[in-house]
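Notes follow once the structure below has been shown.
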Amino acid sequence: MHQLTLAEIARGLADKKFSSEELTRALLARINQLDPQINSFISVTEDLAISQARAADARRAAGESGALLGAPIGHKDLFCTQGIRTSCGSKMLDNFKAPYDATVVSKLADAGAVTLGKTNMDEFAMGSANESSYYGAVKNPWNLEHVPGGSSGGSAAAVAARLLPGATATDTGGSIRQPAALTSLTGLKPTYGRVSRWGMIAYASSLDQAGPLARTAEDCALLLQGMAGFDAKDSTSIDEPVPDYSASLNTSLQGLRIGLPKEYFGAGLDPRIADLVQASVKELEKLGAVVKEISLPNMQHAIPAYYVIAPAEASSNLSRFDGVRFGYRCDNPADLTDLYKRSRGEGFGVEVQRRIMVGAYALSAGYYDAYYLQAQKIRRLIKNDFMAAFNDVDVILGPTTPNLAWKIGAKNNDPVAEYLEDVYTITANLAGLPGLSMPAGFVDGLPVGVQLLAPYFHEGRLLNVAHRYQQVTDWHTRAPNGF
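Set out below in structure tokens:
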């Protein structure tokens, strides 16, 4: 049963081939057996999962139906879950049990999804390798010596290892799409505001967005359907109708205009990845798409702009973790200043401290105009580039990552090298656009992903293109050895 996709699970439950409780128990046993190899879970919620599975079976027995009713999933451990540890991968919140459910959690629970546990992540979502977690690095199921990407690496590794069929994740600069690419999954970052951020512990509030990770575009459509929608509790939530994402999956790609930015194929891109990207373009052309070269001239400024804006917002958001109200508190503080310094110094890891310091500096008197304000101006230029491009094309295609998954520890002494792995993904966050990564092949046994970007609220178009591509390729069906 662990090889079933969410769509196949929905059909199996509807046809009474198995119950949600049977499936849930089978996956919990699999997590217990295999997760010690990859460390993808922080908390396994066995009792909750079984009770939710039984409730889902009862709802089906009463005549209710639904694509996610009885489907097992995991939640990235920055979504608040009532009465369950919500750690954000940090010592700071190791003892924190949320008093409420995040909107994403409650919406999926209402749809009947079964929560198997909370997945590992880079501390406070800061990282591209899932090595900064207080609970240890997550390993890539395709090669246990390599990273799975981050910050949603736990969700990605768990789905790739067939421990669960789908999971929630978040994307601040590529943290859904990049791990999807490095673990041969489909990952979707929706338009900013499409999915509620309420109850999602913030890293950078103007960039963070929740989305699904699964093996197929069809499964991502089912998960997004359950997650998306206006939320009055979230001031950044947009009141935009949510279409039926599954209904448009099989739309023809005849005449679809695909743009290939020339900036994506310069120095820094592994030529073997470039070859696989071009191979995916040829498959889409066979399906009727028309391809043309475009330009995104301000892409070169994306990394420096992002690494001013995101740390600046992080320094503000993480100021609440001070050892006073909740979270980690140091032992025997001498006074209030000592309490603040030691609680934050002991509770936050190195990467989080680094980004808080960078952000505080960028926002300090005398530097705000020189750094933060300039970065926001670059952000507008990047958005304008995309708006101009989408006058000529329907989607933009390119590599998701410039390199393959690297070995665990290989970039620990060079954080900038790790930051550069987000070069193709962060522009979508700066502009607030939807983006998707889909499996496109392997190099030396390691997965490669192709990224698709679309105009605002055109997630359905991304899912359609990915689904049609997956109908003529089999990269998404392959499983890692041993899993």
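Numbering-wise (the UniProt record's numbering), the sequence shown opens with residue 1 and increments by one.
From the three backbone atoms N, C-alpha and C, an ideal C-beta is built for every residue, glycine too.
What you are looking at is a predicted structure, and each value in this text was computed from that prediction instead of being measured.
So residue i and residue j are supposed to be a Cβ contact under 8 Å. How far apart are they, rounded?
i	j	result
asparagine 120	serine 184	The Cβ separation is near 19 Å, so there is no contact.
glycine 398	glutamine 451	6 Å
serine 246	leucine 222	7 Å
glutamate 313	serine 206	6 Å
glycine 187	tyrosine 135	At roughly 22 Å, the Cβ-Cβ gap does not stay under 8 Å, so glycine 187 and tyrosine 135 are not in contact.
leucine 249	glutamate 218	6 Å
alanine 137	asparagine 143	So it is not a contact: roughly 13 Å between Cβ atoms.
isoleucine 73	threonine 168	7 Å
glycine 70	leucine 13	5 Å
lysine 118	isoleucine 38	Their Cβ separation, rounded to whole angstroms, is 15 Å, which puts lysine 118 and isoleucine 38 out of contact at 8 Å.
leucine 256	glycine 288	7 Å
residue 502	phenylalanine 96	As displayed, the chain neither begins before 1 nor continues past 483, which places residue 502 out of reach and without an answer.
threonine 216	valine 114	The Cβ separation is near 19 Å, so there is no contact.
By DSSP, does residue i sit in helix, in strand, or in coil?
i	result
phenylalanine 124	helix
lysine 139	coil
leucine 28	helix
lysine 189	strand
arginine 257	strand
lysine 16	coil
methionine 200	strand
leucine 6	helix
alanine 129	coil
proline 297	helix
leucine 339	helix
leucine 381	helix
leucine 23	helix
leucine 34	helix
leucine 249	coil
leucine 144	coil
leucine 163	coil
Quick one: using the 10 Å Cβ neighbour count with 16 as the cut-off for buried, is residue i buried or exposed?
i	result
arginine 162	buried
proline 241	exposed
asparagine 429	buried
threonine 345	Rather than threonine, the amino acid found at residue 345 in this sequence is glycine. It counts as exposed.
methionine 200	buried
lysine 107	buried
alanine 29	exposed
methionine 227	buried
threonine 45	buried
glutamine 300	exposed
valine 416	exposed
arginine 60	buried
lysine 262	exposed
proline 148	buried
proline 36	exposed
leucine 93	buried
lysine 123	One point to set straight first is that residue 123 is glutamate, not lysine, in the sequence displayed. Result: buried.
alanine 58	exposed
Which stretch, first to last residue, makes up the beta strand (DSSP E) that contains residue i?
i	result
isoleucine 408	Element bounds for isoleucine 408: n/a, residue is neither H nor E.
leucine 463	Unbroken run through leucine 463 is the alpha helix (DSSP H), 459-472; no beta strand (DSSP E).
threonine 236	No beta strand (DSSP E) contains threonine 236, which DSSP labels as neither H nor E.
phenylalanine 390	Careful: phenylalanine 390 lies outside any beta strand (DSSP E) and carries neither H nor E.
proline 311	Unbroken run through proline 311 is the alpha helix (DSSP H), 302-317; no beta strand (DSSP E).
aspartate 335	Counting along the chain, aspartate 335 falls outside any beta strand (DSSP E), and DSSP gives it neither H nor E.
proline 455	That residue, proline 455, is in no beta strand (DSSP E); it is neither H nor E in DSSP.
threonine 400	Where threonine 400 is concerned, there is no enclosing beta strand (DSSP E), given that its DSSP letter is neither H nor E.
glutamine 209	209-214
valine 290	290-294
serine 171	The sequence given here places aspartate at residue 171; serine does not occur at that position. Aspartate 171 -> beta strand (DSSP E) spans 166-171.
Starting from residue i, trace the alpha helix (DSSP H) in both directions and tell me its first and last residue.
i	result
leucine 284	271-286
leucine 223	217-227
arginine 329	Here arginine 329 belongs to no alpha helix (DSSP H), and DSSP marks it neither H nor E.
residue 503	For the chain, the structure presents residues 1 to 483; residue 503 sits outside this window and is missing.
methionine 438	Unbroken run through methionine 438 is the beta strand (DSSP E), 435-443; no alpha helix (DSSP H).
glutamine 178	177-183
leucine 363	350-363
glycine 154	153-160
leucine 430	426-431
Can you confirm whether residue i, when its beta carbon is compared against all beta carbons of chain D, has any partner nearer than 7 Å?
i	result
proline 415	Within the model displayed, chain D is absent; a lone protein chain is all it includes.
Continuous beta strand (DSSP E) assignments of at least 3 residues falling wholly in the stretch 37-118: 41-44 and 72-76
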